[in-house]
Amino acid sequence: MSKVFIVTGASRGLGLAVAQSLIQASHKVFLVARTEKDMQTLKAQHSSSVDFIAADLADLKVAPKIVEGALKAFGKIDGIVVNHGVLSPITRIFESNAEEWRKAFDINVFSAIALIKEAIPELRKSNGRVIFVSSGAAFGAYAGWGCYGTSKAALTHLSAHLAVEEPSITSIAITPGRVDTDMQKEIRDKGKAGMASEAYQSFVNDHESGRLVDPKKPGAVIAKLVDSAPRDLNGKHFRWNAAELAEFQES
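For what it's worth, the UniProt record's numbering labels the leading residue of the sequence shown as 1, then goes sequentially.
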């Protein structure tokens with residue numbers, strides 16, 4: 001039976017891969033991103049199963065419009081993939097300022113809270129699922145990554161709190177690893193000044209040696225989880241390729 005999912009940051013990279021995987025599984029997807037053009041392309045290809053809203057999620061007033069848009073288009077909400085986020089500023093704490101952090105947290109944390117809060121009534125009805133895209137930076141520390149890492153740690157803990165407070169909703173945080181997306185390019189282009197040289201070089205080396213992960217791989221796992229993750233995963237965090245998620249990975 002066809003389900004309905006909201007996917008944020010859906011115009012490119014990992015979010016687009018998740019959306020495409022859900023569409024291939026005959027589900028309906030409501031896309032959210034700032035860039036309209038790529039979402040229009042996907043809708044043109046799958047007119048009956050895709051709709052979208054172009055919006056800046058940092059504007060917290062957008063959250064009700066997203067939920068209303070999904071319900072108007074498809075009548076229900078079975079799950080949400082919270083995938084959007086920003087890496088910048090890649091700056092050491094002493095050289096950054098609190099306002100930069102506030103802007104990043106508006107996107108990486110507060111927009112997720114606003115969206116999930118609005119969607120909870122519908123997710124209760126559907127016994128739905130929420131997949132939060134986390135990061136290894138939530139659990140380790142890189143010089144220059146204080147803002148991103150702490151925001152992803154907050155997002156991961158939000159997932160755990162949602163699991164405690166809303167027992168009818170399955171909530172999981174997933175780390176996709178070093179995925180070959182624009183964010184990795186941003187690290188290579190802008191990270192050298194703020195990061196420790198060894199850590200920075202490891203990202204460059206992973207790119208040059210072809211070790212970055214194809215977004216379709218974690219995207220497919222996330223798509224399957226938001227569709228059918230079992231209750232015993234509720235409130236937990238996993239790497240996308242963890243042994244516990246073997247049944248959701250490509251054989």
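Glycine residues also receive a C-beta, built at the ideal position from the N, C-alpha and C atoms.
Residue i, buried or exposed, once every other Cβ within 10 Å from all chains shown has been counted against 16
i    : result
I6   : buried
G210 : exposed
I222 : buried
S48  : exposed
M195 : buried
D78  : buried
M1   : exposed
S26  : exposed
G75  : exposed
K37  : exposed
E250 : exposed
I131 : buried
Three-state class that DSSP yields for residue i in the structure shown
i    : result
D51  : strand
F139 : coil
K28  : strand
T181 : coil
S171 : strand
V226 : helix
R239 : strand
I90  : coil
T156 : helix
E33  : It should be pointed out that residue 33 corresponds to Ala in this sequence rather than to Glu. If DSSP states are grouped into helix, strand and coil, A33 belongs with the strands.
E166 : coil
P176 : coil
L233 : helix
S202 : helix
S151 : helix
A63  : helix
D56  : coil
S21  : helix
M39  : helix
Continuous beta strand (DSSP E) stretch holding residue i: start and end
i    : result
L212 : Neither: L212 is in no beta strand (DSSP E) and is coded neither H nor E.
F132 : R129 to V133
F5   : V4 to T8
Where the alpha helix (DSSP H) through residue i begins and ends
i    : result
D115 : It is Leu, not Asp, that sits at residue 115 in the sequence shown. Run containing L115: S111 to S126, per the alpha helix (DSSP H) assignment.
I77  : Run containing I77: none; DSSP gives neither H nor E here.
A104 : A98 to F105
Sequence-distant residues of its chain with Cβ nearer than 7 Å to residue i (five each side left out)
i           : result
L60         : F110, S111 and A114
I53         : V32, K65, I66 and G69
L245        : V221 and F238
residue 254 : Here the chain covers residues 1 to 251 and nothing more, so residue 254 does not appear.
R231        : T170
V29         : F5, V7, A19, L22, I23, S49 and V50
6 Å CB neighbourhood of residue i in its chain, flanking five on each side removed
i    : result
L42  : V50
D56  : R34
W145 : A137
Cut-off 8 Å between Cβ atoms - residues of its own chain near residue i, not counting five sequence neighbours on either side
i    : result
V204 : R188
G140 : G149
L14  : N83, V133, P176, V179, T181, P215, P218, G219 and I222
P89  : S96, E100, W101, A104, C147 and G194
Y142 : G149, M195, A196 and A199
* Asked: Quick check: the segment 113–132 against the segment 163–175, are there 3 or more CB pairs under 8 Å?
  -> yes
* If you pair each beta-carbon of the segment 1–20 with each one of the segment 69–87, do three or more pairs fall below 8 Å? -> yes
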